[in-house]
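Protein chains in written order, with the working numbering: chain X, 67 to 334; chain Z, 22 to 274; chain D, 6 to 255. Here the structure is laid out as structure tokens; the discussion comes afterwards.
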């Protein structure tokens, strides 16, 4: 292993000065005898985007689903705004890797589905949904069905649905992995704008090093079996750059290289 | 291209009916009427009302049996799909029923319920129910997990997850289970008319065979097969119309 | 299903149903349902009897002959349909029609054409089984990955080698799936044939026991028949699973 393993408590202290939106405390998750996560602690600063990056099988999606309340940790706690999590809540919204759109529902019903489950009246929720459909660039597709849309457009629907419930925390599980490379780049640029404009906390799972460095304020590197945080990287000068020049920035290139050096021994 | 396919369908039908006509003219058997004779008998029975009368009789146990099987079958299937306990308890019964030749129960049903409508409805039910139950249960169990997780992540209650996600997601497979159930129900309905008591179309078949009016017998058989196939095709069309795109739209396609 | 952390095997609930059957049978609520234990005792009595063995032999004979014809005709037909578009377009409508048609209606025709004997029952069995076998073999051939065919071609495989080393194996999971469903249908076909023609095999036996109100005998034969049908279908499902590992990879 190329990089010394950072103790999880140090990782906590490292970002401790900031306003913390979500904090993960000593979380362990076992599937029978298999330890998926072991005593993992991590903080997510408010209004920023934190990536969970690591090789496949490192438990990053498991961690995300525990934060979402979809999975229960075997031990440890999750706090969102200082309140302990025991299940899904209105303070968090999830964006799924395979979009998880209802194939029998139109775009507008899909986007307003979260509000529908909260019992909001139809006209009200559709007004809100229309606004977000417009925001993600899908105006005119309100009456379309998921199978009539491209993969990228479907994920925009998934994103609009997550935005429409106006949660403080957005949990994104490899949201761009099922779309093609060009759409993906566009998404990444849009995501930067979204982080800048909305005062939300983003937790973003990815297996792409370049993607993580490009979009993140903070990158948590997870190593597998059992999963723990091996390092936390905070790019300093990238956020001030405009989205087109980030990929040519020396800091960007250095961080990508550094992360690859630390991960390469874990890739089969 | 649609032109070619239609043309070939006609050609195909022409070849088969032509072969039937020729075989009837040779004749290959004293009991093998020509296609034209059979169609003549069909037209005669259609116009003098024999067919209409026969079908009201035949379709009665079929309709009742399918209705009972659909309601109870879907209910049981949903329950099996949603509860591990029910799955363990009831699945084996329907799996065995699906694999077993349930027609063997007919003599017993006749002893228990006589030769009337009840027995015939029962035959339709035991033929149609297993596939409806198993399809429903399988569809419920195979709800994409990301959809139910999505529901939960937006704080849907269990009831909401079932009503708004699981059942709509399962409905195409449930519907095709119903279609297969109807198909099996037709087999049961005709079997019961041939085996229990000759009524309806079964009566035409049995009676015309006994007086060696083979053209009418073939015509009746032809009509029931055409009716079943047309009805099942109609169901398939409805299925396509209702659930168009329902099975697509996931990330994997 | 787990109880106190112990996994219960899949079909174990049948024991509970058997127990329920025994209890209901003992209470004598219905003349038609004797206790399971009495049925099993009878089962051992009749299993060695000449009448039972004759019925079993006749049924097995009709069944194997019917399945043999369905497989021997169905698989090549299906493969040819998958490879030849004209043949496919000519035959496919008929295969689809007979797949969903109520084939019981055809049994009277078979009876007048082929007599009230074994021949009619074998044909009934074949008719029940063959259509799904054709359809699946066709689907199996049609879904073969194009690059696999191009690979065989580019390595210079002869037509026969391409067929026997690539086509057949690539289509095998679908073909076996079709045979499994076909065989389950054949079991139903052979019993329906025997019931309607009813002078041979289990059909005759059921008639005999039912008419003489020998309930234990009736249920015993039914039990044997269901067990056989279930065993056959599970065995074929097992075979199918053995090759499904590469079917899923496509």
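Ideal Cβ placement from N, Cα and C applies to all residues, glycine included.
Taking Cβ positions, are residue i and residue j nearer each other than 9 Å?
i, j, result
"residue 109/D", "residue 75/D", "no"
"residue 145/D", "residue 175/D", "yes"
"residue 125/X", "residue 159/X", "no"
"residue 213/D", "residue 56/D", "yes"
"residue 217/Z", "residue 131/Z", "yes"
"residue 90/X", "residue 129/X", "yes"
"residue 319/X", "residue 115/X", "no"
"residue 134/X", "residue 111/X", "no"
"residue 102/D", "residue 250/Z", "yes"
"residue 195/D", "residue 237/D", "no"
"residue 161/Z", "residue 144/Z", "no"
"residue 71/Z", "residue 150/Z", "no"
Give every residue of the same chain whose Cβ lies closer than 7 Å to the Cβ of residue i, excluding the five residues on either side of it in the sequence, and list them in chain order.
i, result
"residue 224/D", "39 and 44"
"residue 76/X", "The pLDDT assigned to residue 76/X is 42, lower than 50, so where the model puts this residue is not dependable, and the model offers no usable value."
"residue 271/Z", "Residue confidence for residue 271/Z is low, a pLDDT of 40 falling below 50, so the modelled location carries little weight; the figure read from the coordinates is stated next. The residues are 165."
"residue 152/Z", "119, 198, 201, 202 and 205"
"residue 70/X", "Interpretation of residue 70/X is limited by its pLDDT of 43, a score under 50 that renders its predicted location unreliable; no figure is taken from the coordinates."
"residue 228/D", "44 and 48"
"residue 289/X", "120, 124, 296 and 332"
"residue 132/X", "93, 95, 139 and 144"
"residue 265/X", "113"
"residue 321/X", "279, 299 and 301"
Among the candidates the options, whose CA atom is the shortest distance from the CA of residue i?
i, options, result
"residue 284/X", "142/X, 113/X, 168/X and 137/X", "113/X"
"residue 292/X", "309/X, 88/X and 96/X", "96/X"
"residue 197/D", "14/D, 230/D and 33/D", "230/D"
"residue 39/Z", "25/Z, 57/Z and 51/Z", "57/Z"
"residue 157/D", "172/D, 59/D, 66/D and 143/D", "172/D"
"residue 239/X", "87/X, 106/X and 120/X", "120/X"
"residue 162/X", "100/X, 178/X and 222/X", "222/X"
"residue 139/D", "132/D, 80/D, 117/D and 238/D", "80/D"
"residue 236/X", "188/Z, 127/Z, 175/Z and 189/Z", "175/Z"
"residue 105/X", "327/X, 142/X, 85/X and 207/X", "142/X"
"residue 274/X", "259/X, 296/X, 244/X and 263/X", "244/X"
"residue 190/D", "15/D, 202/D, 69/D and 178/D", "69/D"
"residue 219/D", "114/Z, 128/Z, 112/Z and 192/Z", "128/Z"
"residue 50/Z", "120/D, 134/D and 132/D", "120/D"
"residue 31/X", "280/X, 329/X and 296/X", "There is no way to answer for residue 31/X, as the model of chain X reaches only from 67 to 334."
"residue 269/X", "315/X, 190/X and 127/X", "127/X"
"residue 231/X", "198/X, 217/X, 247/X and 203/X", "198/X"
"residue 254/X", "234/X, 212/X, 211/X and 202/X", "202/X"
"residue 248/X", "321/X, 263/X, 259/X and 216/X", "216/X"
"residue 114/Z", "183/Z, 138/Z, 196/Z and 147/Z", "147/Z"
"residue 172/Z", "118/X, 181/X and 286/X", "181/X"
Let me check one thing: in DSSP terms, what residues is residue i bridge-paired to?
i, result
"residue 284/X", "116/X"
"residue 146/X", "88/X and 149/X"
"residue 243/D", "According to DSSP, which records beta bridges pairwise, residue 243/D is partnered with nothing at all."
"residue 103/X", "95/X and 293/X"
"residue 141/X", "94/X"
"residue 269/X", "116/X and 237/X"
"residue 160/X", "237/X"
"residue 109/X", "89/X"
Looking only at its own chain, which residues have a Cβ that is under 8 Å from the Cβ of residue i, when we skip the five neighbours before and after it?
i, result
"residue 27/D", "40, 41 and 42"
"residue 53/Z", "44, 45 and 235"
"residue 73/X", "Residue placement at residue 73/X is flagged as unreliable, the pLDDT there being 43, under the threshold of 50; the coordinate-derived value follows with that caveat. Around residue 73/X: no qualifying Cβ."
"residue 54/D", "none"
"residue 87/D", "93, 142, 143, 144, 145, 146, 147 and 176"
"residue 179/X", "168, 171 and 227"
"residue 224/Z", "75, 78 and 214"
"residue 82/X", "Note that residue 82/X has pLDDT 47, beneath the 50 cutoff, so the model's placement of it is unreliable and no number is given."
Output needed for residue i: all residues of its chain with C-beta closer than 6 Å, excluding positions within five of it in sequence on either side, in chain order.
i, result
"residue 219/Z", "227"
"residue 108/Z", "101"
"residue 229/Z", "237 and 238"
"residue 92/X", "105, 107 and 142"
If contact means a Cβ-Cβ distance below 7 Å, which residues of the region 118-139 of chain D contact chain Z?
-> 118
The region 163-180 of chain X: positions lying closer than 9 Å to chain Z by Cβ | 163, 164, 165, 166, 167, 168, 169, 170, 171, 179 and 180
Proximal residues, the region 171-189 of chain Z versus chain X, C-beta separation under 9 Å | Going along the region 171-189 of chain Z in chain order, one finds 171, 172, 173, 174, 175, 176, 177, 178, 181, 185, 186 and 189 with a Cβ nearer than 9 Å to chain X.
Interfacial residues, the region 135-161 of chain X to chain Z, with Cβ spacing under 9 Å | Against chain Z - using a Cβ distance shorter than 9 Å - the residues of the region 135-161 of chain X are 135, 136, 153, 154, 155, 156, 158, 159 and 160.
Under 8 Å (Cβ pairs) to chain X, residues found in the region 157-172 of chain Z | 165, 167, 168, 170, 171 and 172
Listed from N- to C-terminal order along the chain, which residues in the region 88-110 of chain D have their beta-carbon within a distance smaller than 9 Å of any beta-carbon of chain Z?
-> 91, 94, 95, 96, 97, 98, 99, 101, 102, 103, 104, 105, 106, 107, 108, 109 and 110
Can you list, in chain order, the residues of the region 12-27 of chain D whose Cβ is nearer than 9 Å to any Cβ on chain Z?
-> 13, 15, 16, 17, 18, 19, 21 and 22
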